[in-house]
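Asker: Here it is: the structure, laid out below.
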Amino acid sequence: MTGKQKKFLISGLVIAAALILIIATGFQGNQVFYVTVDELYAKAPELYGERIRMAGNVKEGSIEKSEDHLFTRFKMVQEGQDLPVEYEGITPDMFKDGAEVIVEGTYSKSGVFKADNLMAKCASRYEGDVTDTEAMKDYKEGQGY
Amino acid sequence: MATLGNISLQVAFFLAIAGFFVAIYARKQSREDLMEAANRIVIGIGILITVGVIALLRELMISNFQIEYVAQYTSRNTPWNYKITALWAGQDGSLLFWNWILSIYAVVAVVQNRKRNLNLLPYAIATILVVQLFFLILNNFIANPFQPVPPGFTIPDGQGLNPQLQNPGMMIHPPMLYLGYIGFTIPFAFAMSAMLTGKLDNLWITSTRRWTLFAWLCLGIGITLGGKWAYVELGWGGYWAWDPVENASFMPWLTGTAFLHSVIIQEKKNMLRVWNMVLIMLTFFLSIFGTFLTRSGVISSVHSFTASAIGPFFSGFLVIIILASVTLLIWRMDVLKTRNQLESLTSRESSFLLNNLIFIAICFSVLWGTMFPLVSEAVRGAKITVGPPFFNQVNVPIGLLLLLLTGVGPLLAWRRTSFESFKRNFMIPIVLALIAAPVFWFAGVQSLYPFVSAVLIVFVGSSIIQEFWKGMTARHRMTGENHFRALVNMTLKNKSRFGGYIVHLAIVFYFIGFTGSAFNVEVEKTLQPGEEMQAGMFSFVYSNHQQLNRPNHVAQIVELEVLKEGKPYGKLYPEKRMYFRSNQPNTEVDIIQTWREDLYATLAGVSGDNNAATIRIFVNPLVQWIWIGGAILAFGTIIAMLPTKPRTIAEKSK
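Going down the list, the protein sequences come from chains G and B.
With our numbering applied, the first sequence covers 816 to 960.
With our numbering applied, the second sequence covers 1348 to 2001.
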């Protein structure tokens, strides 16, 4: 290998190493644990303070809002398990009883999940997941959806 | 019509199989008559799939709710233009739409190459037919858009299209993305053909240069329009969330950009031939992968797509693509390798290499971040996601490096750059950047990345303008044309070079917009009528409230008087709509857009006897520059795509 080639190889490796380092350090402190309600309760003390993301449905009739609508308390249900959630901020359009939601935030001894990010799974860009008309509902039930 | 559609898709399926063998046999035996037969089969499939699309459109138009797809994505009162968009609103239709675009591309490629590119065309056709066959299998057997509802059911009215999709942007954004994704199939097919035939010179690249540019352009425009749609429609104040679906479209764009650059080195220096093969394979792979991510639901996304039966088929197809590509690559490795080597670190070539490295790094980080939940679940048993903070932390510094390179690369000479030429080319941009630095600093741009970005924008912007200036004045002196004419003619004489520089300028515009986002202000408040809220140097007075009954929804409209430092500035009318049919609330954003900043208002709701309104205001500086950048990007790419007119015999004899 000539000296010139070595020079290229080394500078290439240095740059590649730097890029990999940037990517690797990006993972530190930016990890969010995706857990189910079951798992959350099972591993609770370990997960205190960690950033957690959870998915579930809004329990019917559980939504309470503050006077100025900027603070929301609700229960998220997942496979029969309830989890009380508190969220500060404006809730998205799709957020209502029964909606599928994803919350991100932290869990603590108080037993309440403090969410700082609340996403209501919207009907996708593509799949028309909007509320079925009665006819479609009957049809889908017939199909075993 | 459904029967007709079904039959044509079935015939197309058998034709694709036949065409594949005909094309291969024709090339093996060098039978021109059979090559022509393969060409005609491609055209035939194009016609058949077009019939399929027309049939589905017709069913959508007449609201034939006996077809499941029609009932799911339209209703009687869906406007006709959104009945058309329903063609690609759902999975089954969008797969047909995908294949339809590919079939049109294939016909154009055949017509373009049937006379002049007999060597590469047959295997390229065979490759394209494999892709078409894949989608025909899906459409015929797994995701049939003509699936009728079972007998005995009558559906009086369909579900209608999701109101969020009823936006003009959504009529253009998905087709644009598709045009981009699918366009990479053509260069990929010619690359495969080059490998199979052993004709590994630059022919496959030069024959598909404009295809690549076109695909790249559509993808770029599609991504930008997607951002714009999210921005004006979704009401969270941003245009990019590093959502898996967004990432899926971003990745092939990244590798495609790397490919566009590195083929230049192959054309000029006959280097990087293996690498270019890898890049086009990767780009095609990521295009299919992107379609897959959007359609399968492997990675959960806010745009919840239903998990569906097509997942395993896509996975299988992706594996086939990898296996075929890697096998061919290993088989042809010896022929592909070149002995040419780099001469200097400070050369155009090395800057291209670095650029490639960076694009791949960004792509890798995006892929890694997107797939991380799957990987971590498999490896550690815990599902761990990384969100926007990860993508931003990683990609902001890498992106800034890339911006720097956008300015430096074009100023470096091929082979090596002498100190003299370095001084000559870099003096003005560096001086301007040094002047700008303290100005930005004292204007308050004092955090690291925005500051670096602002200085780099000046450096890169001025280096591009300098290139145009130099060329223009030189031509003006030589030809005596006036400056404007000289500028136009110079650009038209070197379309790919100056078209490329215009695209670089567009990238600078994008970065101006990205940098602005570091200074976004967001305020949420509940106001009683007459009260006001403050955001940045603006205040917003809740001056009026109105409830309007419109044909398909009822709207709460709030009037906000905007004051800039106490002086009247404008009015905003954010709305909250409740659609009757879906019983779904929908936020209508209102924006005052200027080149300085966007004032972006959303209404979360109106409540109580006195109509207290919960309002969210964003002050987003410099967002406009991104959309303008998109237009410049399109303009520059189109310049680079304009045909370089070959001198015809008639002209020569004149």
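In this text, a Cβ means the ideal position worked out from N, Cα and C, and glycines have one as well.
Note that the coordinates shown come from a computational prediction; the quantities given were computed from them, not determined experimentally.
1) Measure the Cβ-Cβ separation of B/Trp-1551 and B/Ala-1538 and say whether it is below 7 Å.
2) When you compare only the Cα positions, how much space is there between B/Leu-1692 and B/Met-1628?
3) Enumerate in chain order the residues of its own chain whose CB-to-CB distance from B/Ala-1760 is below 8 Å, with the five nearest sequence positions on each side excluded.
4) Got a sec: is the Cβ-Cβ distance from B/Ile-1731 to anything in chain G below 7 Å?
5) Between G/Asp-897 and the rest of its own chain, which residues show a CB-CB distance below 8 Å, the 5 nearest in sequence each way excluded?
6) With a threshold of 7 Å on Cβ separation, who are the neighbours of B/Leu-1689 within its own chain once the five nearest residues in sequence on each side are excluded?
7) Less than 7 Å separating the beta-carbons of B/Ala-1562 and B/Leu-1508?
8) For B/Trp-1942, count neighbouring C-beta atoms within 10 Å of its own C-beta (all shown protein chains included) and say buried if the count is 16 or more, exposed if not.
9) Quick one: measure Cβ to Cβ for B/Pro-1915 and B/His-1892, integer angstroms, because I've assumed they're closer than 8 Å.
10) Let me make sure I understand the geometry here. Which of B/Phe-1738, B/Ala-1541, B/Met-1518 has the alpha-carbon closest to that of B/Lys-1575?
11) Below 7 Å between beta carbons: does that hold for B/Ala-1595 and B/Gly-1545?
12) Quick check: is the beta carbon of G/Leu-828 nearer than 7 Å to any beta carbon in chain B?
13) Which whole runs of the alpha helix (DSSP H) in the stretch 1605-1685 of chain B are 4 residues long or more, in chain order?
14) CB-CB under 6 Å to B/Tyr-1578, same chain, minus the five flanking residues each way: which ones, in chain order?
15) If you reduce the DSSP assignment to three classes, tell me which class B/Lys-1770 lands in.
16) Just reading off the beta strand (DSSP E) that B/Ser-1450 is part of, what are its end residues?
17) How many angstroms separate the CA atom of B/Phe-1798 from the CA atom of B/Trp-1816?
18) Relative to the alpha-carbon of G/Ser-966, which residue among G/Gly-844, G/Phe-848, G/Val-847, G/Gly-913 has its alpha-carbon at the smallest distance?
19) Rounded to the nearest angstrom, what separates B/Arg-1762 and B/Asp-1548 at their Cα positions?
20) Just to check my reading of the structure: B/Thr-1532 and B/Phe-1631 have Cβ atoms closer than 8 Å, yes? What is that Cβ distance to the nearest angstrom?
21) Just to confirm my understanding: we take B/Pro-1921, look at its own chain, exclude 5 residues before and 5 after, and list those with CB closer than 8 Å. What are they?
22) Are the stretch 1667-1682 of chain B and the stretch 1484-1500 of chain B touching by the rule of at least three beta carbon pairs closer than 8 Å?
23) Can you name the residues of chain B whose CB is closer than 8 Å to the CB of G/Glu-822?
24) Between the stretch 1726-1758 of chain B and chain G, which residues of the former have CB atoms less than 7 Å from a CB of the latter, in chain order?
25) Beta-carbon separation of B/Ile-1472 and B/Ala-1359 under 7 Å?
26) Any contact between the stretch 856-863 of chain G and the stretch 921-935 of chain G? By contact I mean 3 or more CB pairs, one from each, below 8 Å.
27) Just to make sure I have the definition right: I need the residues of chain G whose C-beta is within less than 7 Å of the C-beta of B/Pro-1932. Which are they?
28) Determine the closest residue to B/Ala-1987 out of B/Leu-1564, B/Trp-1974, B/Val-1755, with distance taken between C-alpha atoms.
29) Under 7 Å, Cβ to Cβ, is there at least one residue of chain B near G/Tyr-863?
30) Which complete alpha helix (DSSP H) runs does the stretch 1376-1434 of chain B hold, if anything under 4 residues is left out?
31) Kindly identify the DSSP beta-bridge partner or partners of B/Leu-1968.
32) Using the rule of at least 16 other Cβ atoms within 10 Å of the residue's Cβ for burial, across every protein chain shown, is B/Asn-1617 buried or exposed?
33) Closest to B/Pro-1497 by C-alpha separation, out of B/Val-1478, B/Pro-1469, B/Ile-1414, B/Leu-1465, would be which residue?
34) Tell me the DSSP bridge mates of B/Leu-1919?
35) Less than 7 Å separating the beta-carbons of B/Leu-1480 and B/Ala-1363?
36) Which value, in whole angstroms, describes the spacing of the CA atoms of B/Met-1523 and B/Ile-1568?
Answerer: Short version:
1) yes
2) Looking at the two C-alpha atoms, the distance is approximately 28 Å.
3) Ser-1694, Arg-1695, Ser-1768
4) yes
5) Val-852, Lys-874, Lys-890, Met-891
6) Answer for B/Leu-1689: Glu-1696, Ser-1697, listed in chain order.
7) no
8) exposed
9) That belief does not hold up - the Cβ atoms of B/Pro-1915 and B/His-1892 are roughly 20 Å apart, past 8 Å.
10) B/Met-1518
11) no
12) no
13) 1620-1643, 1658-1683
14) Tyr-1586
15) helix
16) Taken as a continuous stretch (DSSP letters only), B/Ser-1450 belongs to no beta strand (DSSP E), being part of the alpha helix (DSSP H) at 1438-1460.
17) Distance between the alpha carbons of B/Phe-1798 and B/Trp-1816 is about 27 Å.
18) Nothing can be reported for residue 966 of chain G: it is not among the residues displayed for chain G, which extend from 816 to 960.
19) Computed Cα separation, rounded: 21 Å.
20) 6 Å
21) Ile-1904, Val-1905, Leu-1907, Thr-1934, Glu-1935, Val-1936, Asp-1937, Ala-1948, Thr-1949, Leu-1950, Ile-1962
22) no
23) Checking the sequence shown, residue 822 of chain G turns out to be Lys, not Glu. Under the 8 Å cutoff, chain B gives Leu-1692.
24) Ala-1729, Lys-1730, Ile-1731, Thr-1732, Val-1733, Gly-1734, Pro-1736, Phe-1737, Gln-1740, Val-1741, Pro-1744, Ile-1745
25) no
26) These segments touch.
27) Going along chain G in sequence order, the residues near B/Pro-1932 (Cβ under 7 Å) are Asp-908.
28) B/Leu-1564
29) no
30) Fully enclosed alpha helix (DSSP H) runs of 4 or longer: 1379-1408, 1415-1420, 1427-1432.
31) Correcting the residue identity first, residue 1968 of chain B is Pro in this sequence and not Leu. Beta-bridge pairing links B/Pro-1968 to B/Glu-1944.
32) exposed
33) B/Ile-1414
34) B/Leu-1907
35) Yes, they are a contact pair.
36) 7 Å
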